[in-house]
Amino acid sequence: MTKKIDVNIKLDNLIDLLGVNDKNISLLADLLDVNIFSNHSELVVESDDPAKIESVKKIINVLVELVNNNVAFNERDLIYIYHLLGKESVEEVISLFLSRKEIIKSFSGKPIFPKTFNQKKYIDAIESNTLTFGIGPAGTGKTYLAVLMAIKYLKANKVRRIILTRPAVEAGEKLGFLPGDLKEKVDPYLRPLYDAIYEVLGAKESLELLEKQIIEVAPLAFMRGRTLDSAFVILDEAQNTTVNQMKLFLTRLGFGSKMIVTGDITQIDLPSYQSSGLIKAKKILNNIHSVNIINFDRTDVVRHPLVQNIIERFEND
Numbered sequence: 003m004t005k006k007i008d009v010n011i012k013l014d015n016l017i018d019l020l021g022v023n024d025k026n027i028s029l030l031a032d033l034l035d036v037n038i039f040s041n042h043s044e045l046v047v048e049s050d051d052p053a054k055i056e057s058v059k060k061i062i063n064v065l066v067e068l069v070n071n072n073v074a075f076n077e078r079d080l081i082y083i084y085h086l087l088g089k090e091s092v093e094e095v096i097s098l099f100l101s102r103k104e105i106i107k108s109f110s111g112k113p114i115f116p117k118t119f120n121q122k123k124y125i126d127a128i129e130s131n132t133l134t135f136g137i138g139p140a141g142t143g144k145t146y147l148a149v150l151m152a153i154k155y156l157k158a159n160k161v162r163r164i165i166l167t168r169p170a171v172e173a174g175e176k177l178g179f180l181p182g183d184l185k186e187k188v189d190p191y192l193r194p195l196y197d198a199i200y201e202v203l204g205a206k207e208s209l210e211l212l213e214k215q216i217i218e219v220a221p222l223a224f225m226r227g228r229t230l231d232s233a234f235v236i237l238d239e240a241q242n243t244t245v246n247q248m249k250l251f252l253t254r255l256g257f258g259s260k261m262i263v264t265g266d267i268t269q270i271d272l273p274s275y276q277s278s279g280l281i282k283a284k285k286i287l288n289n290i291h292s293v294n295i296i297n298f299d300r301t302d303v304v305r306h307p308l309v310q311n312i313i314e315r316f317e318n319d
């Protein structure tokens, strides 16, 4: 079966739709297992399955609208659009991309946007709530977006400092076996947090703020006994907190602060006899004012497309 799809787009913009060397339509052809050929203002789709041809048509309609509105998209966006159109309308998918607000610019000046519906909900939740949980698989942007929002709030003088913490390293015997001073022992476990900071602020400003402790990166054990006022506080890898550690962290909340808790409850490294504080918090804090819980899934993964497939295989094995 062959179907021709008219492409309502200026010839000058055709490469934005098709991609360099037609890489976009080649990706679509692989995703849907069809043959697609470009012929100037037409696309020719070959398949024995009418549903697949209709899917190509829907995706092309979305992409044409994005190109006509000067909205850039990449390989990851195209794959997300493909998955999203399985449960959302063409109009809703277009709306997501056209209504995206810039979160912040990277150090190189590149604008950074939420890439999925759940990422957009997550950003909105952070802005609207005192405590936000981002729960879901690796690669969904939970920590990265939280750090971007923290820097945005710091630059806007909405908070006086940023505090980033993880429970990955215990202050005790395991830490003692590692070489170096305390900072050298802890830093490798907190590297993902540093990476996001450097991307937005650059190395020089990041180091200056870290030295002044305007941005503080520390293991969770260092939170004991503190009250965190006028701070943007992020707890990463929260699935590896015990219930007592989670309670300790959440009760550090001070006036004028925001707290973000991120984690993946499918990757808990605690001993079997200990319960995860993240699971407990998700259960008991889901109906409290100014607390919001955003659940990500594998369609929100914004790393290499292969990561989605890996997550799916592990979930379904």
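Read in order, the letters of the sequence shown are residues 3 to 319 in our numbering.
Quick reminder that beta carbons are idealized off the backbone N, C-alpha and C, glycines included.
Of the listed residues the options, nearest to residue i (C-alpha basis)
i: residue 274; options: 242, 298, 101, 24; result: 242
i: residue 57; options: 76, 79, 88; result: 88
i: residue 233; options: 116, 114, 4, 132; result: 132
i: residue 212; options: 259, 111, 164; result: 164
i: residue 118; options: 299, 68, 217; result: 299
i: residue 1; options: 153, 149, 3; result: With the chain covering 3 to 319 only, the question about residue 1 has no answer from this structure.
i: residue 320; options: 30, 74, 61; result: Any question about residue 320 goes unanswered here, given that the chain covers just 3 to 319.
i: residue 123; options: 295, 25, 76, 29; result: 295
i: residue 281; options: 114, 84, 138, 96; result: 138
i: residue 331; options: 219, 258, 222, 143; result: The chain is shown from 3 up to 319; residue 331 falls before or after that span and cannot be answered.
i: residue 2; options: 194, 114, 154, 63; result: The question about residue 2 has no answer here: the residues shown for the chain are numbered 3 through 319.
i: residue 278; options: 169, 289, 36, 115; result: 169
i: residue 63; options: 51, 49, 94; result: 94
i: residue 147; options: 125, 290, 12; result: 125
i: residue 272; options: 247, 262, 50, 36; result: 247
i: residue 292; options: 262, 303, 315; result: 262
i: residue 228; options: 196, 208, 251; result: 251
i: residue 101; options: 112, 41, 116; result: 116
i: residue 287; options: 157, 134, 65, 78; result: 134
i: residue 30; options: 9, 59, 17; result: 59
i: residue 67; options: 161, 217, 18; result: 18
i: residue 112; options: 203, 36, 290, 78; result: 203
i: residue 41; options: 9, 315, 226; result: 9
Supposed close pair residue i, residue j - CB separation, criterion 8 Å
i: residue 81; j: residue 47; result: No, residue 81 and residue 47 are not in contact; Cβ-Cβ is about 18 Å, not under 8 Å.
i: residue 244; j: residue 215; result: So it is not a contact: roughly 27 Å between Cβ atoms.
i: residue 260; j: residue 128; result: 7 Å
i: residue 255; j: residue 219; result: Wrong, their Cβ atoms sit about 19 Å apart, outside the cutoff.
i: residue 70; j: residue 11; result: 6 Å
i: residue 83; j: residue 61; result: 6 Å
Inter-residue spacing [alpha-carbon to alpha-carbon] between residue i and residue j
i: residue 265; j: residue 238; result: 6 Å
i: residue 43; j: residue 21; result: 14 Å
i: residue 308; j: residue 205; result: 30 Å
i: residue 313; j: residue 270; result: 15 Å
i: residue 98; j: residue 91; result: 11 Å
i: residue 136; j: residue 198; result: 16 Å
i: residue 130; j: residue 318; result: 35 Å
i: residue 34; j: residue 224; result: 51 Å
i: residue 201; j: residue 114; result: 11 Å
i: residue 236; j: residue 166; result: 5 Å
i: residue 153; j: residue 52; result: 48 Å
i: residue 76; j: residue 151; result: 23 Å
i: residue 158; j: residue 45; result: 47 Å
i: residue 28; j: residue 162; result: 49 Å
i: residue 155; j: residue 103; result: 15 Å
i: residue 173; j: residue 221; result: Caution is warranted here: a pLDDT of 37 is assigned to residue 173, below 50, making its placement in the model unreliable, and no coordinate value can be reported.
i: residue 302; j: residue 311; result: 12 Å
i: residue 121; j: residue 210; result: 30 Å
i: residue 85; j: residue 79; result: 10 Å
i: residue 37; j: residue 49; result: 7 Å
i: residue 249; j: residue 208; result: 30 Å
i: residue 253; j: residue 240; result: 15 Å
i: residue 217; j: residue 196; result: 10 Å
i: residue 297; j: residue 24; result: 35 Å
For residue i, the first and last residue of its enclosing alpha helix (DSSP H)
i: residue 167; result: Where residue 167 is concerned, there is no enclosing alpha helix (DSSP H), although the beta strand (DSSP E) it sits in stretches over 163–168.
i: residue 52; result: 52–70
i: residue 97; result: 92–100
i: residue 251; result: 245–252
i: residue 155; result: 144–157
i: residue 271; result: It is not in any alpha helix (DSSP H) - residue 271 carries neither H nor E in the DSSP assignment.
i: residue 78; result: 77–86
i: residue 26; result: 25–34
i: residue 141; result: Note, residue 141: premise wrong, no alpha helix (DSSP H); not H, not E.
i: residue 281; result: 279–286
i: residue 230; result: Premise fails: residue 230 is in no alpha helix (DSSP H) and is neither H nor E.
i: residue 18; result: 16–20
Residue range of the beta strand (DSSP E) that includes residue i
i: residue 133; result: 133–137
i: residue 265; result: 260–265
i: residue 119; result: Run containing residue 119: none in the beta strand (DSSP E); it sits in the alpha helix (DSSP H), 119–130.
i: residue 296; result: 293–297
i: residue 236; result: 233–237
i: residue 48; result: 44–48
i: residue 220; result: 217–221
i: residue 40; result: 37–41
Contact with chain B by residue i, beta-carbon distance below 9 Å
i: residue 278; result: Absence of chain B from the displayed structure is noted, only one protein chain being present.
Do the segment 250–266 and the segment 99–112 touch if we need at least three Cβ pairs shorter than 8 Å? no
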